[in-house]
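Residue numbers (our numbering): 9 to 309.
Beta carbons: idealized from backbone N, C-alpha and C, even for Gly.
Everything on this sheet refers to the single structure shown next.
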Amino acid sequence: MLGVDAVVSGGALYVIDLGRVNAGVLGGAHVDYDYVMKNLVMRNPGAYSSRSYSIEEGCGTGEVLDHNPEGIPASEVKGMLRTAYLYWLLKGDAERRRLFFEEVREAVGGASPRRLNRLSVNAEAGVMRERVVRTFEEEERVFERDVFNKVLVRQLTKPSTSDYGVYCIRDLEGRYQVMAIGLRPGVEVSYEIKVGIVRKDEALENALVKALSEFSSDISAFEIGRNVKLPSCDNGFVVRIGYGAGRRWKTVITLLERFDRGLYEEVTRLMSSYLGKPWGDSTIRLAKGQVVGVACIRVVP
């Protein structure tokens, strides 16, 4: 919040370090916070901040959304890969799709707000598991595990402070705006993805690349169909990830819409009721006229 956690001065946003502010108050005496901000911090914000960012585009709001220290954390990348893989599995396998839809339908039929966050997780359990045979003391044992237990994503590089800027996030209708600290266009972040627990699982690795390609192509087509401009990623796949990405990129709702319109509408109604607002695709977040959350993924062998 501006004036509390952060201040703006000279075209930059400074994130306040309360430890430095407290140290700057002589004798630790109780002093009105507004007085301290005005007469101490604003005179030399750099001395009382932990980090600062250039303001690329401001807006008239007191709220500022901070960024994740990792930029795009490995867990979020793995989540995106999981969604793409699930989408690919369900789209190409009618039996898996039937099992998944049945589980979703059952959950929706008796869902309460406490269960909504488990709806997809429970449905995935039936289609994202693999049978594993192990021999223990000459006895074969069969068990199941989530196939994504074999996928490890590790972040190799992290953005520096200079890779971020402060932007004004708006919607197309002009009803919403908020300042946010986000990655600048063109910033690259590298990850290592290992597939396999004991040895490399080449089949799953190849499937992940195919899944990412198909997921990117299908959802990008939906975006283009509603006049959302996406970049062309040379030798890569365009995705939307993180804040403002929308339900199409974070769920497999597109498959429900395509294969079971009734279930799609039921899930949409339930989510809208839970959120207290329409759960749909109408809201598009923009920063400097560009859609937020867009990234190009390049797979390097």
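(request) Taking the CB atoms as reference points, tell me whether L89 and V135 lie closer together than 8 Å. (result) For the purposes of this step, residue 89 is identified with residue 81 of the sequence shown, where counting begins at 1. For the purposes of this step, residue 135 is identified with residue 127 of the sequence shown, where counting begins at 1. No.
(message) Using a Cβ-Cβ cutoff of less than 6 Å, which residues in the same chain neighbour S58 once the five nearest sequence positions on both sides are dropped?
(response) By 1-based counting over the sequence shown, the position of residue 58 is 50. These residues qualify, in order along the chain: V23 and D25.
(request) State buried or exposed for V129, treating a residue as buried only when at least 16 other CB atoms are found within 10 Å of its CB. (result) Indexing the sequence shown from 1 puts residue 129 at position 121. Answer is exposed; the Cβ neighbour count stays below 16.
(request) Quick one: using the 10 Å Cβ neighbour count with 16 as the cut-off for buried, is P309 buried or exposed? (result) For the purposes of this step, residue 309 is taken as residue 301 along the sequence shown, with counting starting at 1. Exposed.
(request) Give the single residue among R104, T165 and E65 whose Cα lies nearest to the Cα of A133. (result) Here the question's residue 133 lines up with position 125 in the sequence shown. Measuring from the Cα of A133, the nearest candidate turns out to be R104.
(request) Under 8 Å Cβ to Cβ from R122, same chain only, skipping five residues before and after it: list those, please. (result) Along the sequence shown, one-based indexing puts residue 122 at 114. Note that R122 has pLDDT 49, beneath the 50 cutoff, so the model's placement of it is unreliable and no number is given.
(message) Which of the three DSSP states is assigned to E71 in this structure?
(response) The residue you call residue 71 lines up with position 63 of the sequence shown. It is coil, neither helix nor strand.
(request) Return the residue from the list S17, G117, L73 and K158 that minimises the CA-CA distance to M279. (result) Residue 279 sits at position 271 when you count from the first residue of the sequence shown. Answer by Cα proximity: G117.
(message) Whole angstroms are fine: how far does the CA of S290 sit from the CA of V299?
(response) Position 291 of the sequence shown holds residue 299. Position 282 of the sequence shown holds residue 290. So the alpha carbons of these two residues sit roughly 13 Å apart.
(request) Grab the span of the beta strand (DSSP E) containing V203 for me, first residue to last. (result) As a working note, residue 203 is residue 195 in the sequence shown. Note, V203: beta strand (DSSP E), Y199 to V203.
(message) With three or more beta-carbon pairs closer than 8 Å as the criterion, would you say the segment 235-243 touches the segment 175-184?
(response) no
(message) Just verifying my parser: in three-state terms, what is the DSSP assignment at S17?
(response) For this step, residue 17 is matched to residue 9 along the sequence shown. Strand.
(request) Indicate the three-state DSSP secondary structure (helix, strand or coil) for R51 in the structure shown. (result) Here the question's residue 51 lines up with position 43 in the sequence shown. Coil, per DSSP.
(request) Note the first and the last residue of the continuous beta strand (DSSP E) segment covering S168. (result) Stepping through the sequence shown from its first residue, residue 168 is reached at position 160. Run containing S168: none; DSSP gives neither H nor E here.
(request) Helix, strand or coil for I261, going by three-state DSSP, please let me know. (result) As a first step, residue 261 must be located in the sequence shown, where it is residue number 253. Correct three-state label for I261: helix.
(request) Using only alpha-carbon positions, find the residue among G79, T91 and S60 that is nearest to L220. (result) By one-based count along the sequence shown, residue 220 stands at place 212. Looking at the Cα atoms, T91 is the closest of the given residues.
(message) Between the alpha carbons of G252 and D42, how many angstroms are there, rounded?
(response) For the purposes of this step, residue 252 is taken as the residue at position 244 of the sequence shown. For the purposes of this step, residue 42 is taken as the residue at position 34 of the sequence shown. C-alpha separation (whole angstroms): 33 Å.
(request) Per DSSP, which residues does L160 bridge with? Please list them. (result) The count along the sequence shown starts at 1 and reaches residue 160 at position 152. L160 pairs with K202.
(message) Please return the same chain residues whose Cβ sits closer than 8 Å to the Cβ of K218, not counting the five positions on each side in sequence.
(response) As a working mapping, residue 218 is identified with position 210 in the sequence shown. Excluding residues within five positions, the ones whose Cβ falls inside 8 Å are W96.
(request) Output the distance between the C-alpha atoms of E213 and R178, rounded to the nearest integer angstrom. (result) Translated into positions along the sequence shown, residue 213 becomes position 205. Translated into positions along the sequence shown, residue 178 becomes position 170. Computed Cα separation, rounded: 38 Å.
(request) Specify the secondary structure class of D179 as computed by DSSP and reduced to three states. (result) Counted from its first residue, the sequence shown places residue 179 at position 171. It is a strand residue.
(message) Among P286, S62 and V29, whose alpha-carbon lies nearest the alpha-carbon of V49?
(response) By 1-based counting over the sequence shown, the position of residue 49 is 41. For V49, the nearest C-alpha among the options comes from V29.
(request) Could you name the residues of the same chain whose beta carbon sits closer than 6 Å to that of E200, not counting the 5 residues immediately before and after it, in chain order? (result) Locating residue 200 in the sequence shown gives position 192, counting from the first residue. Result list for E200: R162 and L164, in chain order.
(request) Express the C-alpha separation of S281 and A323 in angstroms, rounding to a whole number. (result) Any answer about residue 323 is impossible in this case: the structure gives the chain only from 9 up to 309.
(request) Rank F109, D101, S170 and N235 by C-alpha distance to the C-alpha of P77 and give the top, closest one. (result) Within the sequence shown, numbered from 1, the residue matching residue 77 stands at position 69. Checking every option, the nearest Cα to that of P77 belongs to S170.
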